[in-house]
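The structure appears below as structure tokens.
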Amino acid sequence: MTQVSNPNAVPQEIWRGKAYPLGATYDGSGTNFALFSEVAERVELCLFDADGAETRMTLPEVDAFVWHGFLPNIEPGQRYGYRVHGPHDPDAGHRCNPNKLLLDPYAKAIDGNFVWNQSLFGYNFGDEDSRNDDDSAASMPKSVVINPYFDWGVDRPPKHEYADTIIYEAHVKGLTETHPDIPEQMRGTYAAVAHPAIIEHLQEMGITAIELMPVHHFANDSTLIDKGLSNYWGYNTIGFFAPDSKYSSSGTPGGQVQEFKAMVRSLHEAGIEVILDVVYNHTAEGNHLGPTVSMRGIDNAAYYRLVEDDKRYYMDYTGTGNSLNVGHPHSLQLIMDSLRYWVTEMHVDGFRFDLASTLAREFYDVDKLSTFFELVQQDPTVSQVKLIAEPWDVGPGGYQVGNFPPQWTEWNGKYRDTVRDFWRGEPATLDEFAYRLTGSADLYENTARRPVASINFVIAHDGFTLRDLVSYNEKHNEANGEDNNDGESHNRSWNCGVEGPTEDSEVNALRARQERNFLTTLLLSQGVPMICHGDELGRTQGGNNNGYCQDNETTWIDWANADADLLEFTRSVSALRAAHPVFRRRRFFSGKPVGRRGQAGLPDIAWFTPDGTEMTGEDWGSGFAKSLAVYLNGHGIPDPDTRGQRIVDDSFVLCFNAHYEPIKFKLPPKKFAASWQVVVDTAAAPGAEPKPVGKTVSVEARAVLVLRAPVE
Numbered sequence: 001m002t003q004v005s006n007p008n009a010v011p012q013e014i015w016r017g018k019a020y021p022l023g024a025t026y027d028g029s030g031t032n033f034a035l036f037s038e039v040a041e042r043v044e045l046c047l048f049d050a051d052g053a054e055t056r057m058t059l060p061e062v063d064a065f066v067w068h069g070f071l072p073n074i075e076p077g078q079r080y081g082y083r084v085h086g087p088h089d090p091d092a093g094h095r096c097n098p099n100k101l102l103l104d105p106y107a108k109a110i111d112g113n114f115v116w117n118q119s120l121f122g123y124n125f126g127d128e129d130s131r132n133d134d135d136s137a138a139s140m141p142k143s144v145v146i147n148p149y150f151d152w153g154v155d156r157p158p159k160h161e162y163a164d165t166i167i168y169e170a171h172v173k174g175l176t177e178t179h180p181d182i183p184e185q186m187r188g189t190y191a192a193v194a195h196p197a198i199i200e201h202l203q204e205m206g207i208t209a210i211e212l213m214p215v216h217h218f219a220n221d222s223t224l225i226d227k228g229l230s231n232y233w234g235y236n237t238i239g240f241f242a243p244d245s246k247y248s249s250s251g252t253p254g255g256q257v258q259e260f261k262a263m264v265r266s267l268h269e270a271g272i273e274v275i276l277d278v279v280y281n282h283t284a285e286g287n288h289l290g291p292t293v294s295m296r297g298i299d300n301a302a303y304y305r306l307v308e309d310d311k312r313y314y315m316d317y318t319g320t321g322n323s324l325n326v327g328h329p330h331s332l333q334l335i336m337d338s339l340r341y342w343v344t345e346m347h348v349d350g351f352r353f354d355l356a357s358t359l360a361r362e363f364y365d366v367d368k369l370s371t372f373f374e375l376v377q378q379d380p381t382v383s384q385v386k387l388i389a390e391p392w393d394v395g396p397g398g399y400q401v402g403n404f405p406p407q408w409t410e411w412n413g414k415y416r417d418t419v420r421d422f423w424r425g426e427p428a429t430l431d432e433f434a435y436r437l438t439g440s441a442d443l444y445e446n447t448a449r450r451p452v453a454s455i456n457f458v459i460a461h462d463g464f465t466l467r468d469l470v471s472y473n474e475k476h477n478e479a480n481g482e483d484n485n486d487g488e489s490h491n492r493s494w495n496c497g498v499e500g501p502t503e504d505s506e507v508n509a510l511r512a513r514q515e516r517n518f519l520t521t522l523l524l525s526q527g528v529p530m531i532c533h534g535d536e537l538g539r540t541q542g543g544n545n546n547g548y549c550q551d552n553e554t555t556w557i558d559w560a561n562a563d564a565d566l567l568e569f570t571r572s573v574s575a576l577r578a579a580h581p582v583f584r585r586r587r588f589f590s591g592k593p594v595g596r597r598g599q600a601g602l603p604d605i606a607w608f609t610p611d612g613t614e615m616t617g618e619d620w621g622s623g624f625a626k627s628l629a630v631y632l633n634g635h636g637i638p639d640p641d642t643r644g645q646r647i648v649d650d651s652f653v654l655c656f657n658a659h660y661e662p663i664k665f666k667l668p669p670k671k672f673a674a675s676w677q678v679v680v681d682t683a684a685a686p687g688a689e690p691k692p693v694g695k696t697v698s699v700e701a702r703a704v705l706v707l708r709a710p711v712e
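Last residue of the sequence shown: number 712 in the UniProt record's numbering, and the count goes up by one each step with no gaps.
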């Protein structure tokens with residue numbers, strides 16, 4: 001049956017079609033439409049022409065709660081949506097309303113933006129228990145039928161091992177918006193990320209994977225728009241299959257899909273993997289006061305976790321108003337289908353799961369054996385890409401660092417906190433600093449995981465930049481319009497004596513040294529390092545540690561004023577890591593002797609006090625100690641590509657001094673090495689010649705010295 005609200009529309013023939021796959025699928029002769037709703041009594045497919053005129057037709061078939069139909073001659077670029085007829089009974093958890101146009105949860109592209117007004121909401125403002133029947137179509141973006149065909153050529157994912165991986169967390173727009181070598185019309189887009197200037201920058205830093213902040217289509221919050229701000233970060237997803245058109249230089253509906261694929265292809269050609277930061281824990285529909293724009297109007301109780309004893313309200317483990325109902329098979333299917341789509345059709349190489357603990361809440365508590373993890377484990381596609389958890393949410397027991405299944409890696413929040421504390425001179429951090437530096441065996445070894453389970457980071461998008469971490473004691477978020485009440489207040493930062501910018505040369509020199517200390521520690525720790533975009537360039541947000549709503553110069557990289565010395569330093573330490581397997585071990589240190597010249601030799605790791613004696617239990621427990629040295633044995637590193645054979649690498653001593661005064665370090669006895677060369681000195685001026693080394697070395701206040709003993 002066809003209902004024509006557009007008198008000029010050509011009547012469409014509709015066939016029964018198929019219940020799988022869900023979404024809109026173009027096959028060269030027409031398009032199949034399929035939508036899941038267990039509560040629907042009738043589903044209307046709505047087609048929109050270029051002028052916005054709407055043609056409605058009822059989907060003719062329903063199989064296992066999937067409503068479907070096939071329309072011949074419907075081609076890519078066609079904009080569409082759904083109207084779902086069914087119960088409107090919030091007390092029972094149902095919020096169907098056919099007056100609200102709904103986005104397809106499986107839409108591969110979305111065109112247009114939300115025009116925030118009363119029509120998008122299922123209740124009348126001021127009366128949350130009322131029902132609003134204003135038609136929302138004119139204020140809604142539209143789902144788009146896409147062309148699924150793309151010439152991938154000989155595209156092959158780089159498939160870097162975790163141990164050889166350096167991740168670069170980046171925002172599509174923030175990374176590219178001001179780069180002088182990128183044409184202005186291209187800046188801020190997927191095409192800009194693939195521009196040779198960006199690829200060359202990543203390659204010169206030794207980056208093997210770029211982790212893009214959310215590119216799934218997201219809603220721009222009305223509350224921010226009213227303040228003259230916008231959702232810059234994008235953690236407000238409304239389309240799990242659709243690359244956001246805001247980052248596309250294409251002017252055609254659906255063109256963002258082709259542009260995204262071209263970006264991936266170019267990055268792969270350069271040997272760089274693409275990891276997506278994905279937000280499956282909640283959607284932009286928010287709580288019971290949010291808009292009805294997609295899943296809420298399709299099948300509210302199936303897609304969202306509702307309060308058991310009052311289904312008008314939503315369980316919120318994310319702080320954003322709702323949580324996806326991962327206990328329902330169709331919600332789980334939505335997530336798994338989306339993940340497979342991005343791997344198989346878009347060729348991405350992995351995912352970082354925002355607030356991943358929420359996905360583990362099958363019932364109430366976080367359960368690492370939940371159905372979601374079981375599905376990932378057995379999926380032949382998703383299980384083979386990089387899986388990174390942000391292992392916490394805001395619900396009870398949500399902090400789960402170290403507790404995810406063996407297949408997963410984790411953002412190691414304890415690494416961030418410990419390294420920050422060490423370099424700002426907090427007492428009693430030596431033993432935990434040693435754990436973090438060597439891959440966090442205390443968190444991962446007992447669950448059969450390796451050092452690479454730890455994604456090490458000091459800075460991420462959420463919080464201070466590296467430059468601000470050493471320049472501010474307090475957050476300065478006044479521009480966000482929340483009276484500086486938003487953002488983390490306990491940042492473990494230290495301003496080096498002055499709050500904010502200063503002309504004091506000594507303070508600025510100390511800040512530069514601290515930046516180098518953090519980068520050296522990060523890049524030479526066991527595990528997988530993650531650099532936040534712009535930290536290698538001295539990016540600042542002026543003390544704003546919650547730039548989620550600042551789509552402007554506050555958050556964009558200022559390429560014109562990049563810190564060239566810091567960039568060169570970062571490149572050199574990254575190259576050191578890449579050249580030496582001793583910094584990229586596949587297994588935890590044991591402290592036991594390893595083979596050397598065919599005989600039992602030195603331990604694979606040894607810890608020393610500055611006076612040259614090996615650390616004792618009492619030394620580790622000394623709350624005032626802020627300095628130590630570690631010996632890394634380059635002999636006898638297990639070779640991952642052979643059985644029984646071992647790699648022979650140079651050996652290293654790393655001297656860490658977080659004290660406010662210089663400290664002399666006595667180097668290990670001659671049996672460890674006959675001579676040492678300085679390869680990194682965070683206190684040295686750029687381009688300075690390495691200083692000679694005797695039996696002792698002086699490490700400046702708050703500095704790292706890395707010494708190498710060449711293979712004999």
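Glycine included, every Cβ here is placed at the ideal spot set by N, Cα and C.
Fair warning: this is a prediction, and the values are worked out from it, not measured in the lab.
Item to check | For N657, the first and last residue of its enclosing alpha helix (DSSP H) | outcome: Taken as a continuous stretch (DSSP letters only), N657 belongs to no alpha helix (DSSP H), being part of the beta strand (DSSP E) at S651 to N657.
Checklist entry - Taking just the CA atoms, how far does I298 sit from S37? => result 6 angstroms
Next on the checklist: Would you call the region 652–666 in contact with the region 700–707, where contact means no fewer than 3 C-beta pairs closer than 8 angstroms?
Outcome noted: yes
Checklist entry - With respect to the alpha helix (DSSP H) encompassing R513, which residues constitute its N-terminal and C-terminal limits? => result Taken as a continuous stretch (DSSP letters only), the alpha helix (DSSP H) holding R513 covers S505 to L524.
Item to check | Buried versus exposed, by CB contacts within 10 Å (16 or more), T176 | outcome: Counting Cβ neighbours within 10 Å, T176 comes out buried, since at least 16 surround it.
Item to check | Same chain only: Cβ atoms within 6 angstroms of V296, ignoring 5 sequence neighbours per side | outcome: Checking the sequence shown, residue 296 turns out to be Arg, not Val. Excluding sequence neighbours, R296 sits near R95 and E285.
Item to check | Residues that W411 bridges to, as DSSP identifies them | outcome: Bridge pairing for W411: I455 [DSSP].
Checklist entry - Should P141 and L334 be called a contact, given that it needs their Cβ atoms to be closer than 9 angstroms? => result no
Checklist entry - Does the Cβ of E200 have 16 or more other Cβ atoms within 10 Å, making it buried, or fewer, making it exposed? => result exposed
Item to check | The alpha helix (DSSP H) enclosing A579, as first and last residue numbers | outcome: A564 to A579
Next on the checklist: Per the DSSP calculation, P610 is bridged to which residue(s)?
Outcome noted: Looking at the DSSP assignment, P610 forms no beta bridge with any residue, so it has no partner.
Item to check | Neighbourhood of S574 by C-beta, 6 angstroms cutoff - its chain only, sequence neighbours within 5 removed | outcome: M205, G206 and L523
Checklist entry - Just how far apart, CA to CA, sit F569 and T409? => result Cα to Cα, F569 sits roughly 28 angstroms from T409.
Item to check | Outcome for T418 when other beta-carbon atoms lying within 10 angstroms are tallied against a minimum of 16 | outcome: buried
Next on the checklist: Between W556 and T189, how many whole angstroms is the CB-CB distance? I'm expecting something under 8 angstroms.
Outcome noted: Rounded, the Cβ-Cβ distance is 14 angstroms, inconsistent with contact.
Checklist entry - Which of the three DSSP states, helix, strand or coil, is assigned to L537? => result helix
Item to check | Inter-stretch contact at 8 angstroms, needing at least 3 Cβ pairs: the region 132–148 / the region 110–124 | outcome: yes
Next on the checklist: Is it buried or exposed, residue 719, if we count other Cβ atoms within 10 angstroms and call 16 or more buried?
Outcome noted: Limits of the chain in this structure are 1 at one end and 712 at the other, which puts residue 719 out of reach.
Checklist entry - Among the residues of its own chain, which have a CB less than 7 angstroms from the CB of T609, if the five just before and after it don't count? => result Taken in chain order, the residues that qualify are M615, D619 and L628.
Checklist entry - Which word fits K246, buried or exposed, when buried means at least 16 other C-beta atoms lie within 10 angstroms of its C-beta? => result buried
Next on the checklist: Distance check for R83 and Y304, CA to CA, integer angstroms please.
Outcome noted: 19 angstroms
Checklist entry - Going by C-alpha distance, which of D27, R42, D111 and S230 is nearest E75? => result With respect to the C-alpha of E75, the residue from D27, R42, D111 and S230 having the closest C-alpha is D27.
Checklist entry - What three-state label does DSSP hand residue 722 in the structure shown? => result Within the shown structure, residues of the chain are numbered from 1 to 712, placing residue 722 beyond reach of any answer.
Checklist entry - Are G439 and R577 close, meaning C-beta to C-beta below 9 angstroms? => result no
Next on the checklist: Let's test the definition: count the other Cβ atoms within 10 Å of the Cβ of F624 and tell me whether it reaches 16, buried, or not, exposed.
Outcome noted: exposed
Next on the checklist: I'd like to confirm the pairing. Which residues does DSSP put opposite F665 in its beta bridges?
Outcome noted: V697
Checklist entry - What is the C-beta distance between G481 and K227, in whole angstroms, given that I count them as a contact (C-beta under 8 angstroms)? => result 5 angstroms
Checklist entry - Between A109 and P253, is the Cβ-Cβ spacing less than 9 angstroms? => result yes
Item to check | Whether M263 touches G234 by CB criterion (9 angstroms) | outcome: Between M263 and G234, the CB-CB gap reaches or exceeds 9 angstroms.
Checklist entry - Between the Cα of D337 and the Cα atoms of D309, D354 and P380, which residue gives the shortest distance? => result P380
Item to check | Nearest-angstrom Cα separation, counted from P668 out to E374 | outcome: 48 angstroms
Next on the checklist: In this structure, how does DSSP classify N124 when only helix, strand and coil are distinguished?
Outcome noted: strand
Checklist entry - Which whole-angstrom value describes the C-beta separation of T447 and P406, a residue pair presumed to lie in contact below a C-beta threshold of 8 angstroms? => result 6 angstroms
Item to check | D111 to T502 span [Cα, whole Å] | outcome: 46 angstroms
Item to check | Chain-order list of residues whose beta-carbon lies under 8 angstroms from that of L332 (same chain, five-residue window excluded) | outcome: V326, T371, F372 and L375
Next on the checklist: Taking 7 angstroms as the limit between beta carbons, can you name the residues of its chain near R511, skipping five residues before and five after?
Outcome noted: V470, S471 and C496
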